[in-house]
Amino acid sequence: MELVKFSKKLWCVRNQLVLLLAPLVLLPLLFVLPAKEGKCLYVVLLMALFWCTEALPLAVTAMLPICLFPTMGILPSKKVCPQYFLETNFLFLSGLLMASAIEEWGLHRRIALRVLKIVGVKPAWLIMGMMITSSFLSMWLSNTATTAMMLPIANAILESLFGDLKTLKDNCKVKEVPESQCQVKLHILPSEKHILTEEERADGMEKVDERSLEEIRGDAEYQLKVWKGFLICIPYAASIGGTATLTGTAPNLIFIGQLKSYFPQCDLINFGSWIVFAFPLMVIFLFVAWIWIAILYGGLTSRLCVSKQKSHAAAEAKARAIIDEDYKKLGPINFAEGSISFFFIIFAVLLFTRDPKFVTGWSIFFNKGYVSDAVTGVFIVSILFFFPSQRPSLRWWFNPRASTTPYVPLLSWKRAQECVPWNIVLLLGGGFAMAKGCEAMRVNVNPLYFMIPATIGCSYAFMLPVSTPPNSIAFASGHLMVKDMVKTGFMMNILGILCASLAINTWGLHLFALHTYPDWARTLNTTATTMTVTTLPAFNLTG
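Numbering (my numbering), first residue to last: 40 to 582.
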């Protein structure tokens, strides 16, 4: 008993213990390795431990290089601090601000419901509709926000298709009884009452289900499987969709930031060229993922029940009615939604066409190297802070009775402060600062050949609820188990690796000239190799 109490006390102070013990455990690194390399590795591993254990808030851990790198003689402060607000951070910030404005005026919900209206309500097509919508929104919104927005819509549709989840689970546990007792009475769920005829209402709130208990159990098991497929496809599609744009997910931004830090002469990667590479990959992987999820969870069949019955048609009609009703509640598109749509399209088009590499972009009208994706993004989102959300009217000026309340812009700074995760900006900065302190090159291979797959692979985390915030949100609904994610995610990881390998070795190879060793990497590699030969001859792999 005393041991149990002591263990609980240790668990209560686990963060404090990590903060005290981790620096001591890693201390031998300072004496085993050469001075500068040992110190840098010490800081990197210390930050990794603090991030994994959350002994400190993630953003606070990200700021440790500001104090540790200068005091340990790794990098001077004037080189560390600028890493926390590089050009990449402004591109990321502009994407977050655009997403905040889209969420503020509900444009994302209109897009989602419109797609669901188009694809229909068959299980396989609904799963596809969910995945297409989630992936598209995740290209511009954060993966977490997309998942949080789509799950309630999915739950509403599922309840209309299959009724109450608790009843569904109870039906899965029903045991077989003698054939004489096969006919059971099922209570009509409140959500089903509106489809009853007048004759059925006159007969009371009970009806006879002439299916055998085995058929009921089979139908419930199938429907529960489809339910899980609906829920699990949303976070997975959000993670896949985030890879299609540079602003879609944090690993992409870390990649471009480190690329500019390591290789400032490299101009191959920008918003446009990344879409040309990553969007086809997203489409291929999304289709493959849909096939896998639909096969695994029974969504490829058009029926909603295993047994032959007419109830699935009524359930589909209810689901369609819910989607139509929710879409009608949105009303006609208003001035604010129209304005956000316009600026959103301009935002995407300008970023894509600045310098897409396969054609001449509009950046040639400016001094070479002066205009970047960050400039474009900040320019567009700055307009949102003063563009009115209500249609301007000349009558307002000449009407003495008109209200004199100030107009509301499409995006306010208060909204930006509330919705933009500023801690992520610090996390990005911490990653860039770590990279700055660990600069080294030792192989004569195009760096993009390793960096691009590694970046995309960071988003392909499907196996566990803790892998990504979208997975955690879906798991927190209480309808998924860890084994569901492991079973589905294991194959998803393999499929993701195969798709990424296909992309990098086909069109990526030609788009980024990966078969050659570029001049922009040669100079840095020569310098780094010279330094490596002087300090660490045993680790020099270039000969």
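We put the CB at the ideal spot given by N, CA and C, even for glycine.
The alpha-carbon of F374 is positioned some 26 Å away from that of F391. The three-state secondary structure of P96, taken from DSSP, is coil. The beta carbon of Y366 sits closer than 8 Å to those of R149, L152, R153, K156, all from its chain and outside the five residues before and after it, given in chain order. With fewer than 16 other Cβ atoms inside 10 Å of its own Cβ, N462 counts as exposed. In summary, T100 is buried, with 16 or more beta-carbon neighbours lying within 10 Å of its beta-carbon over all protein chains present.
Between F316 and L487, the C-beta spacing is not below 8 Å. Here DSSP, grouped into helix, strand and coil, assigns P509 to helix. For F175, the enclosing alpha helix (DSSP H) stretches over residues 162-177. When DSSP reads this structure, P427 sits in a beta bridge with P448. Take the alpha-carbon of T507 and the one of V71: they are about 35 Å apart. The beta carbons of I271 and A74 sit about 49 Å from each other, so the pair does not count as a contact at 8 Å. Counting along the chain, the unbroken alpha helix (DSSP H) around M524 starts and ends at 521-543. Looking at L130, L65, T282, V83, the one whose alpha-carbon comes closest to that of M321 is T282.
The beta-carbon separation of A474 and S312, rounded to 21 Å, does not stay under the 8 Å limit for a contact. Rounded to whole angstroms, W546 and T172 show a C-alpha spacing of 26 Å. With contacts defined as CB atoms closer than 8 Å, A193 and M169 qualify as a contacting pair. Around the Cβ of Q55, a 10 Å sphere holds fewer than 16 other Cβ atoms; the residue is exposed. Residue range 486-498 is occupied by the alpha helix (DSSP H) that includes T494.
Residues G77, K78, Y81 of the same chain have their beta carbon placed closer than 8 Å to that of L69, with the five preceding and five following residues left out of the count. The alpha helix (DSSP H) runs lying completely inside the region 53-136 and spanning 4 residues or more are 53-64, 68-71, 74-92, 97-101, 103-110, 116-119, given in chain order. Rounded to whole angstroms, the gap between the alpha carbons of F386 and T415 is 8 Å.
L252 has its alpha-carbon roughly 52 Å from the corresponding atom of I543. Under the 8 Å Cβ criterion, the region 410-430 counts as touching the region 123-140, having at least three qualifying pairs. Taken through DSSP and simplified to helix, strand or coil, L307 comes out as coil. With contacts defined by Cβ atoms closer than 8 Å, M531 and W331 form a contacting pair.
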